[in-house]
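Everything on this sheet refers to the single structure shown next.
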Amino acid sequence: MSWKSYNQNTLRYNDLGFTLDLSLMDIEPGFYQTMKLKIDKAFSDIKALEGGAIANPDEGRMVGHYWLRNAELAPTPELKAAITGPLAELKAFAAKVHSGEVSAPNGSNYQQLLVIGIGGSALGPQLVAEAIGQDAKLPIFFFDNTDPAGMDATVAKLANAAGLDKTLVLVISKSGGTAETRNGMLEAKAAFEAAGLDFGRQTAAVTGTGSKLDQFAETHNFITRFPMEDWVGGRTSVLSTVGLVPAAIQGIDIDQLLAGAAAMDVETRKPDLATNASMQLALAWFHASNGKGEKDMVVLPYKDSLVLFSKYLQQLIMESLGKELDLDGNTVHQGLAVYGNKGSTDQHAYIQQLRDGVNNFFAAFIEVRKGRDGNNIEVDPGTTTADYLQGFLRGTRKALHAAGRKSLTISVPEVTPFTLGMLIALFERATSFYASLVNINAYHQPGVEAGKKAAGEFLALLTKVRGEISAEAKTADQIATATGADTEDVYHSLTHLANNGEAKQTLGNTPAEDTFIA
Ligand code: PA5
10 MSWKSYNQNT LRYNDLGFTL DLSLMDIEPG FYQTMKLKID KAFSDIKALE
60 GGAIANPDEG RMVGHYWLRN AELAPTPELK AAITGPLAEL KAFAAKVHSG
110 EVSAPNGSNY QQLLVIGIGG SALGPQLVAE AIGQDAKLPI FFFDNTDPAG
160 MDATVAKLAN AAGLDKTLVL VISKSGGTAE TRNGMLEAKA AFEAAGLDFG
210 RQTAAVTGTG SKLDQFAETH NFITRFPMED WVGGRTSVLS TVGLVPAAIQ
260 GIDIDQLLAG AAAMDVETRK PDLATNASMQ LALAWFHASN GKGEKDMVVL
310 PYKDSLVLFS KYLQQLIMES LGKELDLDGN TVHQGLAVYG NKGSTDQHAY
360 IQQLRDGVNN FFAAFIEVRK GRDGNNIEVD PGTTTADYLQ GFLRGTRKAL
410 HAAGRKSLTI SVPEVTPFTL GMLIALFERA TSFYASLVNI NAYHQPGVEA
460 GKKAAGEFLA LLTKVRGEIS AEAKTADQIA TATGADTEDV YHSLTHLANN
510 GEAKQTLGNT PAEDTFIA
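Put into structure tokens, the structure is as follows:
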């Protein structure tokens, strides 16, 4: 570690209070020269993308999330209106919820919010709520899975808090056809109806115009619907209606969130390596992982409110960069694995391995300079908990470096709507740049589709297997022969049915000897 290297490898945006320190990534100056052609291409790719090019070729779509925080940059008046119109509408809606003009059917003001969504339609709203939603006017709850027990637990929490009758529901799905979200909506509807409530009259939707959800919302008399445009990807939708509707309902300052992202965009839009933090970040990832994802990124914010940032980045980066084919159709199996939680908590968990074990990662520390708003007490003479937090961050960074482990450090003054917007924009653009550097499409998700298709096949088999269960005890093999299906798939269908009260299972010495009966 050297002071000289720190000074040479640290990029600051003084107006934003932002610092990116790459001094412990051990990037030799010659690296940037070797990357020059790729860097130039990445700058020209993003210029074209922001200009409205079809940057998602497989889906034939524009990629417009950078316009969301500065609608003036949208390439046509129609696109600009598709940003400014819904923004004004969602603000007006949130204001009416707060004033009681939009109220529950029983006349009460809404007191809590249930968001139903998954992936990009949940992780952004969850990050925003956790990071800057502490003083929310309406506390927020989520269904982000198709786990019935998880939904029951959330319904119980809603009922025990303000009550279902004072709960506003927001169903978020760009496609409007995602199974988990559809299931969550139907489960919530059933719970509301069991409580004697009219689900539609307490529910709003964010979805693509004309989607299945849009149609459901219309036929079930939802309070209102907000559009989700096809040129915004799920994992980059936090600053679209997907993230802004729940944020505004919570009372979060969405103008500041957008302003922070816009301010970071201004800096990282410049095609200048020396001053572009997103490009420098993407190049640091490339250098550390040999442009092939050979090292994982461990995200360590030293601030409880940023605990979901690693989870959010995991989706943003891994769903964007984890691709089998490059843009020329070559098999590349690209990606950058991301995990993490928070410091100093993780120092008592996996950081032991980071320091002493397999060196297959680099760390991304996030420093929040301000400890708290209120007064500090002394936990040791002259020392506060904020001092400890900073001490642990600096100590871990140094200890990792001493053991030959690389790290980068991003610093922001405090966690506010503005700085969260900055961080989101920083990583969104770094992901765009990295995709260009390694020549892949960051904006589609063919692997997710493969999983959905296989799940659909399993569900179809389950229906067939259900029909084969009778008063006669049968093995999985017998039912597989009758249905023409794979025996292991049949076996897992049978055990699922047995564990959910639809069959009785008698264990044999091996799964092949197990029998199932009605
Ligand atoms: O980033 C993505 O595209 C995905 O993670 C989606 O957000 C996720 O699959 C949910 O999709 P939808 O919003 O269409 O329900």
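Per this note's numbering, the very first residue in the sequence shown carries number 10; after that it's consecutive.
We put the CB at the ideal spot given by N, CA and C, even for glycine.
- For alanine 256, the enclosing alpha helix (DSSP H) has its first and last residue at 250-259.
- Beta bridge pairing from DSSP links glycine 349 with Val308.
- From the listed residues Ala199, Gly242 and Gly217, the smallest Cα separation to phenylalanine 235 is found for Gly217.
- Isoleucine 326 is positioned such that its CB atom lies closer than 7 Å to that of valine 347.
- When DSSP assignments are scanned along the stretch 345-404, the uninterrupted stretches of alpha helix (DSSP H) that are 4 or more residues long and fall wholly within it turn out to be 360-365.
- At the C-beta level, leucine 99 and alanine 257 come within 7 Å of one another.
- For serine 182, there is no enclosing alpha helix (DSSP H); the enclosing beta strand (DSSP E) has its first and last residue at 176-182.
- Glycine 116 counts as exposed, since fewer than 16 other C-beta atoms from the protein chains shown sit within 10 angstroms of its C-beta.
- When the Cα atoms are used, isoleucine 63 and tyrosine 452 turn out to be separated by approximately 11 Å.
- Taking a cut-off of 8 Å for Cβ pairs, the stretch 107-126 and the stretch 219-227 do not touch, as fewer than three such pairs fall below it.
- For the beta strand (DSSP E) assignment, the uninterrupted runs of no fewer than 3 residues enclosed by the stretch 13-84 are, from N- to C-terminal side, 19-22 and 27-30.
- Within the stretch 131-181, the alpha helix (DSSP H) runs of at least 4 residues that lie entirely inside it are, in chain order, 132-141 and 157-169.
- Ranking Trp12, Lys47 and Gly252 by CA distance to the CA of alanine 103 puts Gly252 first.
- DSSP links phenylalanine 525 through a beta bridge to Lys483 and Gln514.
- A distance of 7 Å or more separates the beta carbons of arginine 78 and tryptophan 240.
- In this structure, the ligand PA5 has no non-hydrogen atom nearer than 6 Å to the beta-carbon of isoleucine 92.
- Counting along the chain, leucine 122 sits inside the beta strand (DSSP E) bounded by residues 121-125.
- Here tryptophan 294 is buried: its Cβ has 16 or more other Cβ atoms, across all protein chains shown, within 10 Å.
- Between the alpha carbons of aspartate 355 and alanine 527 lies a distance of about 48 Å.
- For the set Tyr75, Leu46 and Lys50, the Cα lying nearest the Cα of glycine 60 is the one of Tyr75.
- Taking each of Met306, Lys198, Glu238 and Thr245 in turn and checking the Cα distance to aspartate 161, the smallest one comes out for Lys198.
- No Cβ-Cβ contact shorter than 7 Å links leucine 147 with glutamine 17.
- Listed in chain order, the non-local C-beta contacts of alanine 138 below 6 Å within the same chain comprise Ile149, local neighbours out to five positions each way being set aside.
- Rounded to whole angstroms, the separation of the alpha carbons of histidine 107 and valine 421 is 31 Å.
- The alpha carbon of serine 11 has as its nearest neighbour, out of Gly300, Ala411, Phe225 and Val367, the alpha carbon of Ala411.
- With distances taken between CA atoms, glycine 349 lies nearest to Tyr321 out of Val474, Tyr321 and Asp365.
- Taking proline 520 as reference, the option from Ala512, Gly186, Thr233 and Glu497 with the minimal CA-CA separation is Glu497.
- For the alpha helix (DSSP H) assignment, the uninterrupted runs of no fewer than 4 residues enclosed by the stretch 217-288 are, from N- to C-terminal side, 221-228, 250-259 and 263-277.
- For isoleucine 386, the number of other beta carbons within 10 angstroms of its own is below 16, and it is reported as exposed.
- For the set Gly460, Glu238 and Ile449, the Cα lying nearest the Cα of glutamate 189 is the one of Gly460.
- By the beta-carbon neighbour count (other beta carbons within 10 angstroms, threshold 16), arginine 406 is buried.
- Nearest in C-alpha terms to alanine 101, of all of Leu29, Arg278 and Pro255, is Pro255.
- Here glutamate 328 is buried, its C-beta having at least 16 other C-beta atoms within 10 Å.
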